[in-house]
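Asks: Residue numbers (the numbering used here): 14 to 231.
C-beta: ideal position from N, C-alpha, C; glycine also.
Sharing a structure below in C-alpha cells format, with a few things to ask.
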C-alpha cells in the first residue's frame, strides 16, 4: 500500500516587489513538499491573508508601504501566537531585523542568499524550530546594535531633524544649547557613517532607527 504523503507546507509570501514574489513562487513550486497559498504586497494585506489562508509559514519582507513587516509580525503574532514567520531583508544590519526577532520571527534571511537557504529554513521553521541566524547576519546585527546604538538624546535630536527643525529650535525644544545639539549631530553622523543631516535622516529611516510618524511629536 502507498503511504499517504504528508500535506505540503503552506506558505504565504509577503513582499511589495512583484518580481521577488514571482521568484519565490517559482522556488516554492519546484519542491513538492511546499505550496504557495497566497501573496500579499504590504503589511495590512498580510494580516488579512494570514487570517484567510492560515499558512504554516509566512515569508515576510520588512520594508513595505502602509504597514511595515515588523508591525505586521506583531499583529499576526497577537492573533496567532504560533505563527511561524521568516523575515526577508536586503540590509545586512537592519535594526528592524532585531525588532522582528524580538516580535517573534522564527528566522531571518537576506534576499541575496535566498536560493540556498530558503527551502531548508522553511522546512525547519514549519517543523517548529527556530532557524539559526546566518553568521554574517548575526555578526552585522551585533555590530549594529553595539556601534550604532544611538543614545536616546541622539535619537531625539534626529527625530527633530526629521521633523524639519533647525539646531537652534532643537536646542530650545530639548532645553540644551545649540553647541550641544551640534555635538549630538556630529556624534550620530559618525555612528551612522554619513556626512550631512539629510543622509543622517534617510539612513536612520532606512534602518528603522526612527520612523516618519515619530517626527514632530513632543
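Taking the continuous alpha helix (DSSP H) assigned at residue 42, which residues delimit it?
Replies: Residue 42 -> alpha helix (DSSP H) spans 31-42.
Asks: Go ahead and pull the three-state DSSP assignment for residue 49.
Replies: Three-state DSSP puts residue 49 in a strand.
Asks: To the nearest angstrom, how far is it from the Cα of residue 79 to the Cα of residue 102?
Replies: Whole-angstrom Cα-Cα distance: 17 angstroms.
Asks: Is the CB-CB distance between residue 118 and residue 100 below 8 angstroms?
Replies: Closer than 8 angstroms, so yes.
Asks: What is the DSSP secondary structure of residue 103, reduced to helix, strand or coil?
Replies: Here residue 103 sits in coil by DSSP.
Asks: Please report the straight-line C-alpha distance between residue 47 and residue 205, rounded to a whole angstrom.
Replies: Approximately 40 angstroms between the Cα atoms of the pair.
Asks: Let me know the secondary structure DSSP gives residue 114 once reduced to three states.
Replies: Residue state, collapsed to three classes: helix.
Asks: Use the C-beta contact count for residue 213: other C-beta atoms within 10 angstroms, 16 or more gives buried, fewer gives exposed.
Replies: So residue 213 counts as buried.
Asks: Buried or exposed: where does residue 167 fall if 16 or more other Cβ atoms within 10 Å of its Cβ makes it buried?
Replies: Looking at its Cβ environment, which holds 16 or more other Cβ atoms inside 10 Å, residue 167 is buried.
Asks: Can you tell me which of the three DSSP states residue 125 falls into?
Replies: Of the three classes helix, strand and coil, the one that applies to residue 125 here is helix, per DSSP.
Asks: In chain order, what residues of the same chain lie with their CB nearer than 7 angstroms to the CB of residue 216, ignoring the 5 residues before and after it?
Replies: 205 and 207.
Asks: Helix, strand or coil, according to DSSP, for residue 151 in the structure here?
Replies: Reduced to three states, the DSSP call for residue 151 is helix.
Asks: Kindly indicate which residue of 113, 135 and 179 has the alpha-carbon position closest to the one of residue 49.
Replies: Checking every option, the nearest Cα to that of residue 49 belongs to 135.
Asks: For residue 197, I'd like the list of residues in its chain whose CB is within less than 7 angstroms of its CB, leaving aside the five on either flank, ordered along the chain.
Replies: So the list reads 166, 167 and 170, once near-sequence residues are dropped.
Asks: Distance check for residue 188 and residue 52, CA to CA, integer angstroms please.
Replies: Rounded to the nearest angstrom, the two C-alpha atoms are 49 angstroms apart.
Asks: On the CB-based measure, 16 or more other CB atoms within 10 Å of its CB, does residue 92 come out buried or exposed?
Replies: Classification for residue 92: exposed.
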